[in-house]
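K.L.:
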Amino acid sequence: MTETTSNDRVWVDYRDAILTLTLNTPANGNLIDAEMGKAIISALSSIDENARLVCLRGAGADFCAGRVSPTPPPGASAPSGERLRQMVALPALAIYDAIKAVPVPTIAIVQGRAIGVGTALAAVCDLTLAAEDAQFQIPEMDRDIPPTLVMAALCDRVPLKSLAYLVLSRRVWTGREAQTGGVVSLTCTSEALENEAQTLISSIVACSPVALRACKQYLTHAPGMNPVAASAFAGHLMGTTLSARQ
1 MTETTSNDRV WVDYRDAILT LTLNTPANGN LIDAEMGKAI ISALSSIDEN ARLVCLRGAG
61 ADFCAGRVSP TPPPGASAPS GERLRQMVAL PALAIYDAIK AVPVPTIAIV QGRAIGVGTA
121 LAAVCDLTLA AEDAQFQIPE MDRDIPPTLV MAALCDRVPL KSLAYLVLSR RVWTGREAQT
181 GGVVSLTCTS EALENEAQTL ISSIVACSPV ALRACKQYLT HAPGMNPVAA SAFAGHLMGT
241 TLSARQ
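Using our numbering, the letters of the sequence shown map in sequence onto residues 1 to 246.
Next up, the structure:
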């Protein structure tokens, strides 16, 4: 099955069991806005049952330079706390939750800037492949805004020491530094990024959907289990996966 759809700002392409979502506003660094978030969530929530991988990309020079601010402009009347939660918090959290809920592995391919929401989108995926000169930053505290939404996306993905440093220092990490800090799985030169991505993608989709889904289930649920439950869950997944091959 091959299907390509677009709302101009997010390309959705499904072919060869791979769902690829490409942020497509390169002129502004692929800043996420509300409609783009809805398009991402819609594509992920209706993923084909035979899909084996979800790939998240950014068109042009940057992966994602952040988010179009959903807050009212200066001078506007201040909305209530509940209204701010609905406008600012819930849309971003819904994107992160949708990515985490995907039943197959997810991979982000990162070039250029991954700032704020961009860092969250990159690191919330199961695998993150980045160019060595990519730029990762969580700069919200420069405006005295606690980036708790980004932190919520990453607190079970990134070592807390690294997350705290990114948040409090606001320092830009290169792709290599992000790999050392546990934000990124693998780095390579920007020239080799596409080849490395295709090699990794080919390796993943060579596996069966049932095996990939079992791996994803374990990665998702086992860290929150006690050791006995995690062992029992491992045995259950192995048994059901092997049984499905018969």
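The C-beta atom is built at its ideal place from N, Cα and C for all residues, glycine as well.
(1) What's the C-alpha gap between V210 and V54?
(2) DSSP state of D13, grouped into three classes?
(3) Inspect the beta-carbon positions of Y96 and V68 and report whether they are closer than 8 angstroms.
(4) Should L212 be labelled buried (16 or more other beta-carbon atoms within 10 Å of its own) or exposed?
(5) Using only the alpha-carbon positions, how far apart do A59 and T22 sit?
(6) What did DSSP end up calling T174 once you bin it into helix, strand or coil?
(7) Take every Cβ of the stretch 140 to 160, pair it with every Cβ of the stretch 202 to 209, and state whether three or more of those distances are shorter than 8 angstroms.
(8) Along the chain, where does the alpha helix (DSSP H) containing F233 start, and where does it finish?
(9) Taking the alpha-carbon of E140 as reference, which of D48, H221, T180 and V167 has the nearest alpha-carbon?
(10) Rounded to a whole number of angstroms, what is the C-alpha to C-alpha distance between M225 and Y218?
(11) I need the boundaries of the beta strand (DSSP E) containing A108, first residue and last residue.
(12) Return the CA-CA distance between P91 and S80, expressed in angstroms with no decimal places.
(13) Name, in chain order, the residues that DSSP records as bridge partners for G58.
(14) Kindly indicate which three-state DSSP category L166 falls into: helix, strand or coil?
(15) May I ask you to verify whether the stretch 108 to 126 touches the stretch 225 to 242, counting CB pairs closer than 8 angstroms and requiring at least 3?
P.N.:
According to the data block:
(1) Taking the first residue of the sequence shown as 1, we reach residue 210 at position 210. Taking the first residue of the sequence shown as 1, we reach residue 54 at position 54. Approximately 15 angstroms between the Cα atoms of the pair.
(2) Here residue 13 refers to the residue found at position 13 when the sequence shown is read from its first residue. Annotated three-state conformation of D13 is strand, per DSSP.
(3) Walking along the sequence shown from the start, residue 96 turns up at place 96. Walking along the sequence shown from the start, residue 68 turns up at place 68. Not a contact, by the Cβ cut-off of 8 angstroms.
(4) Position 212 of the sequence shown, counted from the start, is the residue given in the question as residue 212. Under this definition L212 is a buried residue.
(5) To locate residue 59, count along the sequence shown from 1; it is residue 59. To locate residue 22, count along the sequence shown from 1; it is residue 22. The alpha-carbon atoms of A59 and T22 are separated by roughly 6 angstroms.
(6) Along the sequence shown, one-based indexing puts residue 174 at 174. For T174, the secondary structure class from DSSP, reduced to helix, strand or coil, is strand.
(7) No, they do not touch.
(8) For this step, residue 233 is matched to residue 233 along the sequence shown. That run of the alpha helix (DSSP H) goes P227 to A244.
(9) For this step, residue 140 is matched to residue 140 along the sequence shown. Cα-wise, what sits closest to E140 is V167.
(10) Here residue 225 refers to the residue found at position 225 when the sequence shown is read from its first residue. Here residue 218 refers to the residue found at position 218 when the sequence shown is read from its first residue. One C-alpha to the other measures close to 10 angstroms.
(11) Residue numbering aside, residue 108 sits at position 108 when the sequence shown is read from its first letter. Element bounds for A108: T106 to V110.
(12) Counted from its first residue, the sequence shown places residue 91 at position 91. Counted from its first residue, the sequence shown places residue 80 at position 80. Cα-Cα distance, rounded: 17 angstroms.
(13) By one-based count along the sequence shown, residue 58 stands at place 58. Beta-bridge analysis with DSSP links G58 to L23.
(14) Here the question's residue 166 lines up with position 166 in the sequence shown. L166 falls in the helix class under three-state DSSP.
(15) Here the stretch 108 to 126 does not lie against the stretch 225 to 242, with fewer than 3 beta-carbon pairs under 8 angstroms apart.
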